[in-house]
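Residue numbers (this note's numbering): 111 to 500.
Cβ atoms here follow ideal geometry from the backbone N, Cα and C, with glycine treated the same way.
In what follows, a structure is listed as structure tokens, so that the remarks can point back to it.
Here it is as structure tokens:
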């Protein structure tokens, strides 16, 4: 008999009733160190006082009105994103998949508006993940997720991530855009090199294709900069954001340059809930914290500290951990045994992590994690690895 909640998840048999900072507390009173953060979503941990205050204030005034009317906090958040990114304009939605759907629509509409409706093809990368809608499953590269859902929406081609020769060879008169993640998350914490991203910009410009970056997971300071693309000293035409942008509240965004958004006029796209007052209260509060002096620098410092600890862990336990990947506070352990087994062993010792592709285990602490909490996590990992090595 089917369960009342559709059984689309292989859920772990734990329920949490509250959280505080980097910790979660289960319904049976157990305390866990949360280095999964809702899959890089609880960017400022749990029950951050500024986020709680701003959301409570908004909840007592106005929840939802729809985008039929002006929403002042939406305008404020858009202005702030524009002032701190490449973008000239922002569309708000509710999730990463919606953000990437919107990004793809912007790219195709650009060519339609410029008299080239045949330019619909999007060139994507192997190992990518862009969401679970039918279209974003086609943009992504995981046959397991696509199985059983009928014909795939067309217009997508995949080339090897990081391979510029393959990317250039795939460009044709039908190419609308190039789509990549500056750091692949679901695919196994695979950072693109700065050279690769810079050359993608050149290729896109050469062929009048648009460059789309998916920063749903690696954006919003997770990489050690507000947006990962800035570390490569280059810029996209369109970018999708979600996850950490709302600190746990459902918020997504499509950022675009004025050039790329030429076709996006009234009626071309929409969202009932996107950018509503509650969502914008949460998102503005997150950005308040991230833009505080020293915040990004602290993410960088703690990222360096975490990597040093993980590198030592890998060196001390070569039979368990093959290598370390990532940047900032978006780190991955390339496992020798099954990553699910290591995740379970960590969880048994009250440390939460999350698996990824290529047999990688993601380490995603809150961006405001404390040094002693990083030490606590490393100690737990070391203890587990010693047991698994023996």
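Could you spell out the range, first to last residue, of the beta strand (DSSP E) harbouring residue i?
i, result
"residue 466", "464 to 466"
"residue 444", "440 to 445"
"residue 245", "Counting along the chain, residue 245 falls outside any beta strand (DSSP E), though it belongs to the alpha helix (DSSP H) covering 244 to 249."
"residue 236", "Neither: residue 236 is in no beta strand (DSSP E) and is coded neither H nor E."
"residue 287", "285 to 290"
"residue 470", "470 to 473"
"residue 366", "362 to 366"
"residue 133", "133 to 136"
"residue 348", "348 to 351"
"residue 324", "320 to 324"
"residue 259", "First-last for residue 259: undefined, no H or E at that position."
"residue 269", "266 to 269"
Residues in its own chain within less than 6 Å of residue i by CB, not counting five upstream and five downstream?
i, result
"residue 383", "204"
"residue 495", "427, 430"
"residue 134", "126, 142, 144"
"residue 221", "229, 286"
Look at the Cβ atom of residue i, then the Cβ atom of residue j, and state whether they are nearer than 8 Å.
i, j, result
"residue 442", "residue 299", "yes"
"residue 209", "residue 232", "no"
"residue 337", "residue 195", "yes"
"residue 484", "residue 380", "no"
"residue 358", "residue 152", "yes"
"residue 120", "residue 155", "no"
"residue 490", "residue 461", "yes"
"residue 163", "residue 373", "no"
"residue 334", "residue 413", "yes"
"residue 236", "residue 263", "no"
"residue 465", "residue 478", "no"
Looking at the C-beta of residue i, does it have a partner C-beta in chain B at a distance below 8 Å?
i, result
"residue 149", "Absent from the structure: chain B. Only one protein chain is present."
In the DSSP assignment, find the unbroken alpha helix (DSSP H) run with residue i in it and report its ends.
i, result
"residue 316", "304 to 316"
"residue 299", "No alpha helix (DSSP H) holds residue 299; DSSP gives it neither H nor E."
"residue 276", "274 to 280"
"residue 456", "449 to 458"
"residue 486", "481 to 499"
"residue 115", "No alpha helix (DSSP H) holds residue 115; DSSP gives it neither H nor E."
"residue 396", "387 to 400"
Once the 5 residues before and after residue i are set aside, which same chain residues still bring their CB inside 7 Å of it?
i, result
"residue 309", "274"
For residue i, I'd like the list of residues in its chain whose CB is within less than 8 Å of its CB, leaving aside the five on either flank, ordered along the chain.
i, result
"residue 314", "287, 288, 320, 321, 347"
"residue 267", "231, 232, 233, 234, 280"
"residue 173", "386, 387, 388"
"residue 500", "none"
* Inter-stretch contact (C-beta, 8 Å, three-pair minimum) for the stretch 304 to 319 and the stretch 380 to 400 -> no
* Count the CB pairs spanning the stretch 341 to 350 and the stretch 176 to 184 that are closer than 8 Å, and state whether there are at least three. => no
* If we count Cβ pairs, one from each stretch, closer than 8 Å, do we get three or more for the stretch 471 to 481 versus the stretch 145 to 158? -> yes
* Inside the stretch 177 to 244 only - alpha helix (DSSP H) runs reaching at least 4 residues -> 182 to 193, 206 to 223
* Contact between the stretch 227 to 246 and the stretch 395 to 404 (3+ Cβ pairs under 8 Å) -> no
* To do: Enumerate, from N- to C-terminal direction, the unbroken beta strand (DSSP E) stretches of 3 or more residues contained entirely within the stretch 413 to 440.
  => 431 to 437
* To do: Within the stretch 122 to 171, note down every full beta strand (DSSP E) run reaching 3 residues or more, in order along the chain.
  => 126 to 130, 133 to 136, 141 to 144
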